[in-house]
Amino acid sequence: MKYIYSLLLILTLSGLASCKKSFLEENNKSGITADPFYATATGLESLVNACYTPSRFWFGKEGGTSLTELGTDLFLKGGDCHHPQYATYDPVNFNSQDACLKLYWEQFYAAVNNCNTAIARMDASPLSAELKKQRLGEVHFLRALYYWIIVETWGGVHLSTEESKGVILTANRTPVEKFYELIFSDLDIAIANLDGQLVPAGGRVTKPAAEGFKARMLLTRGKYAEAATLAKKVISSYNFKLFDNYASLWDMANSNGSTNSEVIWFVNYTADDLINQDIPSLNGYTQEAAAFLPEGGHQLHTNFTPRYDFHEGVDINIADDIGFQRYAASKHLLSLYDETIDQRYRGTFKEVWYCNGGKTTKYTDMKVGDTAIYWSHKSLPAAYKQARAKKFEILDINDLYNADQSLKDNRNFIEMHKFNDPTRSGLFVWRSKRDAFVMRISEMYLIVAEAGIQPGGNLTEGLNYMNMLRTKRAVPGKEAAMTVTAANMNIDFILDERARELVGEQIRWFDLKRTNKLVEYVKKYDPDGAANVQAYHLLRPIPQSQLDAVTNKDTFTQNPGYR
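If you read the sequence shown in this note's numbering, its first letter stands for residue 4, the second for the next number, and so on.
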């Protein structure tokens with residue numbers, strides 16, 4: 004069986020090819036060309052499935068995470084960070100030659116063109132009327148998603164709703180507002196066409212996914228009352244339910260997005276280990292290492308992990324994962340939690356590693372199962388530390404961070420642990436079957452809360468939804484302590500709450516940009532980027548390969564500030 008799809012790339016001189024399995028299987032047994040192939044039911048389904056594929060290049064992957072979590076207030080570059088330029092805003096290395104941005108430019112414009120092609124060919128396809136309606140809704144949603152990432156990343160760049168055929172050598176500069184007009188139009192079509200089932204297996208787009216994403220877009224564009232109304236609808240109209248235990252939300256037993264009650268939409272992955280570059284599995288594809296490991300799968304379980312295995316008593320092992328140390332929690336992030344009342348701290352971070360037989364030249368009484376490493380996000384009393392220092396390694400927040408909030412050793416940090424996968428088949432199996440949760444129901448509560456603090460907003464309603472979420476996340480018996488008052492409800496508190504709830508879920512950079520807090524927060528809380536960050540960093544550099552390819556170089560120019 005031959006798996007193909009054609010990624011007809013807008014604005015570039017060469018095409019891209021990739022493959023998928025599961026519901027994203029594209030089956031072209033005959034080898035016929037695109038026009039007659041897409042006129043068949045199999046061909047059209049293959050084209051729609053290809054529209055989903057680039058979501059796997061972004062969600063649950065290192066490149067997409069670097070572009071959304073580094074260079075914010077929440078994460079610093081770890082000891083082996085592959086994209087330090089996004090953390091430091093270094094003008095020498097953060098420029099139009101950036102390989103990761105180039106890859107995503109190509110992938111997302113290819114995705115848009117696939118969506119345009121599917122939309123144009125849908126009406127004439129032999130699919131049933133019901134299936135045609137469903138697939139059209141999916142593709143309109145996906146085009147909205149990709150254009151949102153494009154416009155927020157690069158601003159008013161090229162916009163097209165037509166299928167590209169052949170080489171296109173000119174690009175337009177379309178105003179941001181026009182992008183959002185199309186995004187809202189696409190989402191309205193998706194909502195009208197999709198059914199209201201919860202979340203089917205395989206990660207296909209559904210009506211609540213389209214409604215939830217539209218609520219996010221309405222918030223982004225300052226349409227607060229509409230955002231709150233739609234977010235409340237998603238909360239009340241379906242069977243989504245907040246977990247009683249926040250840690251259980253991230254347990255591998257609940258890693259399947261189709262059965263997790265908090266997940267509105269997800270990108271699905273699998274435990275399939277049969278990776279072949281010619282006939283890849285659901286997880287496998289051949290791509291540049293600029294953005295993610297070519298092995299595929301959800302990969303974030305490795306990226307927030309320190310080099311614990313450099314320390315006494317602990318050998319590297321499957322349960323504790325691989326210490327790739329890409330991203331280290333900032334001191335500011337750790338300060339946002341009160342673990343005595345908020346269960347999200349323990350459900351998100353890991354401070355303790357246990358002895359598993361590693362060498363112990365210093366702690367000679369240490370036995371397997373004993374505490375080997377304890378790194379605390381609090382300032383511990385000297386007597387407390389001294390009493391334990393002969394038994395195991397103990398460091399507190401002041402041992403881990405300098406006075407300027409920088410890490411003393413960026414290989415050693417408290418682990419953001421919620422993506423951990425101890426069920427992998429081997430120590431150096433990087434791919435995880437964990438689905439990437441793109442939208443969760445808690446975000447809808449936060450949208451209502453943020454809308455409520457805006458001028459003319461319903462503050463009482465926003466406060467109620469904030470407290471519904473916070474009391475659900477409370478340590479049992481501490482619900483009253485987790486409630487807040489109207490005096491707490493400002494944009495800084497909202498952003499703190501979004502950090503506590505959504506940390507690491509590839510939304511932070513967009514949140515800080517949306518609220519015009521990026522420069523302020525980086526200067527205040529991010530010692531990696533504080534010296535270099537400027538207002539122009541609200542956009543990313545357009546790849547030089549794109550600027551070189553177009554003939555209208557006088558009108559399609561680089562974003563301000565970049566070379």
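Cβ coordinates follow ideal geometry from the N, Cα and C atoms, glycine included. Treat the numbers as computed from the prediction; the structure is a model and nothing was measured.
Asked                                                                                                                                                               : Found
Do Glu-265 and Leu-197 have their C-beta atoms within less than 9 Å of each other?                                                                                  : no
Going by the DSSP bridge assignment, what does Lys-80 pair with across the sheet?                                                                                   : Tyr-330
Tell me whether Arg-310 is buried or exposed, calling it buried when 16 or more other Cβ atoms sit within 10 Å of its Cβ.                                           : buried
Beta carbon of Tyr-330, beta carbon of Thr-68: below 9 Å?                                                                                                           : yes
Is there at least one non-hydrogen atom of the ligand HEM closer than 8 Å to the beta-carbon of Thr-56?                                                             : No copy of the ligand HEM appears in this structure; indeed no ligand is present at all.
Thr-120: which of Asp-38, Ser-445, Thr-367 and Phe-243 sits nearest, CA to CA?                                                                                      : Asp-38
For Leu-16, which residues from the same chain have a beta carbon less than 8 Å from its beta carbon, with the 5 sequence-adjacent residues on both sides left out? : Per-residue confidence for Leu-16 stands at a pLDDT of 26, beneath the threshold of 50, marking its modelled position as unreliable; the derived number appears in the next sentence. For Leu-16, where only same-chain residues beyond five positions count, the Cβ hits under 8 Å are Val-170 and Ala-552.
Just the Cα atoms here: how many angstroms apart are Gly-532 and Asp-247?                                                                                           : 37 Å
Taking Cβ to Cβ, would you say Ile-400 is nearer than 9 Å to His-380?                                                                                               : yes
Which ranges does the alpha helix (DSSP H) cover as unbroken runs of at least 4 residues, wholly within the region 130-209, from first to last along the chain?     : 132-157 and 179-196
Would you give the residue range spanned by the alpha helix (DSSP H) that Phe-395 belongs to?                                                                       : Counting along the chain, Phe-395 falls outside any alpha helix (DSSP H), and DSSP gives it neither H nor E.
In the DSSP assignment, the alpha helix (DSSP H) including Thr-463 goes from what residue to what residue?                                                          : 462-475
Taking the beta carbon of Asp-368 as the centre, do at least 16 other beta carbons fall within 10 Å, making it buried, or is it exposed?                            : exposed
Could you pull the DSSP bridge partners for Glu-418 from this structure?                                                                                            : Lys-353
Pop quiz: Asn-306 and Asp-438 are said to be a contact at Cβ under 8 Å. What is the actual Cβ separation, rounded to whole angstroms?                               : Contact flag wrong, Cβ pair sits at about 17 Å.
Quick one: Cα of Asn-470 to Cα of Phe-559, how far?                                                                                                                 : 47 Å
Within 10 angstroms of its Cβ, does Gln-389 collect 16 or more other Cβ (buried), or is it exposed?                                                                 : exposed
How about Ile-186 and Glu-446: do their beta carbons lie closer than 9 Å?                                                                                           : no
Count the C-beta pairs between the region 73-92 and the region 125-140 that are closer than 8 Å, then say yes if the count reaches three, no if not.                : no
If I follow the unbroken alpha helix (DSSP H) through Val-51, where does it start and stop?                                                                         : 44-55
What three-state label does DSSP hand Ala-533 in the structure shown?                                                                                               : coil
Have a look at Thr-488 and Thr-343 and give me their C-alpha separation to the nearest angstrom.                                                                    : 19 Å
Confirm, please, whether the CB-CB distance from Ile-376 to Glu-396 is below 9 Å.                                                                                   : yes
Please state the DSSP three-state secondary structure of Arg-511.                                                                                                   : helix
Among the residues of its own chain, which have a CB less than 6 Å from the CB of Asn-263, if the five just before and after it don't count?                        : Asn-257
Considering only residues of the same chain and omitting the five flanking positions on each side of Ala-347, which have a CB-CB separation below 6 Å?              : Per the sequence presented here, residue 347 reads as Arg, with Ala not at that position. Answer for Arg-347: Tyr-249, Arg-476 and Arg-503, listed in chain order.
Among all the DSSP beta bridges, which residues are the ones paired with Met-442?                                                                                   : Trp-268
Which residues share a DSSP beta bridge with Ile-376?                                                                                                               : Trp-356 and Glu-396
Would you decide whether Gln-88 is buried or exposed? Buried here means 16 or more other CB atoms lie within 10 Å of its CB.                                        : buried
Return the CA-CA distance between Thr-308 and Thr-91, expressed in angstroms with no decimal places.                                                                : 20 Å
Cα-Cα, which of Ile-321, Arg-501 and Lys-520 is closest to Phe-431?                                                                                                 : Ile-321
For the candidate residues Trp-378, Arg-443, Ile-545 and Gln-328, whose alpha-carbon lies nearest to that of His-85?                                                : Gln-328
Out of curiosity, what's the CA-to-CA distance linking Tyr-47 and Lys-136?                                                                                          : A small fix is needed here, since residue 47 is Leu in this sequence, not Tyr. Near 13 Å, if we compare the C-alpha coordinates of Lys-136 and Leu-47.
Is there contact here, the region 150-165 with the region 176-184, by at least three beta-carbon pairs under 8 Å?                                                   : yes
Is Phe-26 helix, strand or coil by DSSP?                                                                                                                            : Residue placement at Phe-26 is flagged as unreliable, the pLDDT there being 33, under the threshold of 50; a coordinate-derived value is accordingly withheld.
Flag this pair as yes or no: are the beta carbons of Val-525 and Asp-76 separated by less than 9 Å?                                                                 : yes
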